[in-house]
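Q: Convert by adding 2 to the 1-based position in the sequence shown; the result is the number in our numbering. All residues carry an ideal CB built from backbone N, CA and C; glycine is no exception. Here the structure is a predicted model, which is why all the values come from computation and not from measurement.
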Amino acid sequence: MKVPLLDLQAQLEYLEDDILAAVTRVVKSTRYIQGPEVEEFEKEIAEYCGAAYGVGVTSGTDALLISLMSLGIGPGDKVLTTPYSFFATMGVILRVGAIPVFADIDPISFNIDPAKMEEVLAADTSREIKAIIPVHLYGQCADMSAIMEMAARYGLPVIEDAAQAIGAEYPLPAAGAAKGTYKRAGSMGLAGCFSFFPSKNLGGIGDAGMVVTQDKDFAERLVLMRNHGAHPKYYHKLVGGNFRLDPIQAAALRVKLPYLERWHAGRCANARRYDSLFLQSGLVDAQQIVVPKVVYSQTPGADGRIPNVHIYNQYILRVARRNELREWLNKNDIGCEVYYPVPLHKQECLGDIGAGVQCPEAEKAADTTIALPIYPELTEAMQEYVVEKIVQFYS
Ligand SMILES: *Cc1c(COP(=O)(O)O)cnc(C)c1O
């Protein structure tokens, strides 16, 4: 049996006609820049996330980049982030001329550890840190209550890298919040940055991204920034760039958005099935593998709905003999991936900035984790085969 890490063809089976119709609609409209598809999609995503504004951009990377640019962050500034993420999280900080500083991750959630952040912020006595970028890695939110409280105390804006977490819900333990109250990823910080790269839970037919925000002034600045800082046309208030969302992507994504909750549910059901198959296998008890942990309570809300506190953009195991397991799975036609083999503070392009950074949990995660296929169309038989092959590897 062949089990790919992701199978976009399985999705296309039921989406193809609608996507082609949407693309045709854009082609026939001759509205090739901005236009109604982009505007409608911005509204739909803002509403879905519980944010006031959505600003469509070229990619998730550019969503992060124009957020930093709109805050005026540049040379001489530092930005606090996680050492364990896709490169873009750190790349945009370097790209604006600022310097990334790191707080190590929590080994259970793989997300930035608020206690470590506190240490880094307290040590920044000359106040060079100008913003915080937490990442909601693999589809589960970073500990936003602690992060927002800390950010308020230090007077820092928070840019959520929610590229892997669209629709992920975060429980509000804040005083006064009703039990079972949740916020969606991207709606809590000043900016929430999304990617619609094809492998994300909501993926386009190419590159696309969006920033959501509750702040009207910030939204207006983002709109300027994505279009060369121009308002009106040819009068440039700021130096921005061309970061506009392609209407063909917006139209295709609008076809997919109504499926998103169903896809989250499919991924969650697959995660529960892996969890129980791995538990039955004895590998968990034998400490050969650790299954991913849902770190937040899933108390149903007033409507009785169980919140998506984890949307499983990736299903990540922590395993013994990771590199050998990876080869074994590849040999058996099972797609898998290592996200990410080199933590950010160890990346070559950082040069001296990374020297002396102590993030042992990120390094351990980079050495011991592996992602298994989790896409919604994955079948029960495929999952059983994956687990059977992993059991074989350890026996
Ligand atoms: C995918 C991703 C990005 C970048 O998004 P692109 O659309 O590929 O530019 C940024 N951060 C994280 C955590 C991601 O997973």
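If I measure Cβ to Cβ from Glu-339 and keep anything under 7 Å in the same chain, skipping five residues before and after, which residues do I get?
A: Leu-7 and Ala-373
Q: How long is the line joining the alpha carbons of Pro-102 and Gly-76, rounded to whole angstroms?
A: Cα atoms of Pro-102 and Gly-76: separation of roughly 11 Å, rounded to the nearest angstrom.
Q: Rounding to the nearest angstrom, what Cα-Cα distance links Ala-398 and Glu-41 in this structure?
A: Because residue 398 is not part of the residues shown, which for the chain are 3 to 397, the question remains open.
Q: Is Lys-235 helix, strand or coil by DSSP?
A: Lys-235 falls in the coil class under three-state DSSP.
Q: Quick one: grab the DSSP three-state call for Leu-8.
A: Judged by DSSP in its simplified three-state form, Leu-8 adopts coil rather than helix or strand.
Q: Taking 8 Å as the cut-off, does the CB of Cys-143 come closer than this to any heavy atom belonging to ligand 1?
A: no
Q: May I have the straight-line CA-CA distance separating Val-293 from Phe-280, to the nearest angstrom?
A: 8 Å
Q: Determine, using beta carbons only, whether Gln-166 and Ser-197 come nearer to each other than 9 Å.
A: yes
Q: Under the criterion of a Cβ to heavy atom distance below 8 Å, does Gly-243 qualify as lining ligand 1?
A: no
Q: Who pairs with Lys-80 in a beta bridge, going by DSSP?
A: Ile-101 and Ile-131
Q: Which same chain residues, not among the five before or five after Met-150, have their C-beta less than 8 Å away from its C-beta?
A: Val-160, Met-190 and Gly-191
Q: Just the C-alpha distance for Ala-357 and Met-71, rounded to the nearest angstrom, thanks.
A: Roughly 26 Å separates the two Cα atoms.
Q: Got a sec: does ligand 1 put a non-hydrogen atom nearer than 8 Å to the Cβ of Gln-349?
A: no
Q: Please report how far the alpha carbon of Gly-194 lies from the alpha carbon of Gln-394, in whole angstroms.
A: Gly-194 and Gln-394 have their C-alpha atoms roughly 42 Å apart.
Q: Name all residues in chain order for which at least one heavy atom of ligand 1 lies closer than 6 Å to the residue's CB.
A: Ser-61, Gly-62, Thr-63, Ser-87, Phe-88, Ala-90, Thr-91, Val-137, Asp-163, Ala-165, Gln-166, Ser-197, Phe-199, Asp-209 and Gly-211
Q: What distance in whole Å lies between the Cβ atoms of Ser-87 and Asp-145, which are believed to be in contact at a cut-off of 8 Å?
A: The pair is not a contact, with the Cβ atoms about 15 Å apart (cut-off 8 Å).
Q: So, are the CB atoms of Thr-60 and Gly-284 less than 9 Å apart?
A: Taking 9 Å as the Cβ cut-off, Thr-60 and Gly-284 do not qualify as a contacting pair.
Q: My understanding is that Gln-251 touches Gly-303, with C-beta atoms under 8 Å, so please give their C-beta distance in whole angstroms.
A: That pair is no contact at about 32 Å.
Q: Report the rounded CA-to-CA distance for Thr-183 versus Val-94, giving the unit in angstroms.
A: 33 Å
Q: Closer than 6 Å by C-beta to Asp-305: which residues in its own chain qualify, once you throw out the five before and the five after it? Chain order, please.
A: none
Q: Does the distance from the CB of Ala-322 to the CB of Gln-282 come in under 9 Å?
A: no
Q: Can you give me the Cβ contacts of Asp-115 inside the same chain, cut-off strictly under 7 Å, excluding the 5 residues immediately before and after it?
A: Same-chain partners within the cutoff: Ala-105, Asp-106, Ile-107 and Asp-108.
Q: Using the Cα positions of Arg-324 and Ser-111, report the straight-line distance between them to the nearest angstrom.
A: 19 Å
Q: Do Lys-235 and ligand 2 come close, with the Cβ less than 8 Å from some heavy atom?
A: With respect to ligand 2, the structure offers nothing, as its ligand set consists of ligand 1.
Q: At what residue ranges does the region 321-365 contain a whole run of the alpha helix (DSSP H), taking only runs of 4 or more?
A: 324-333
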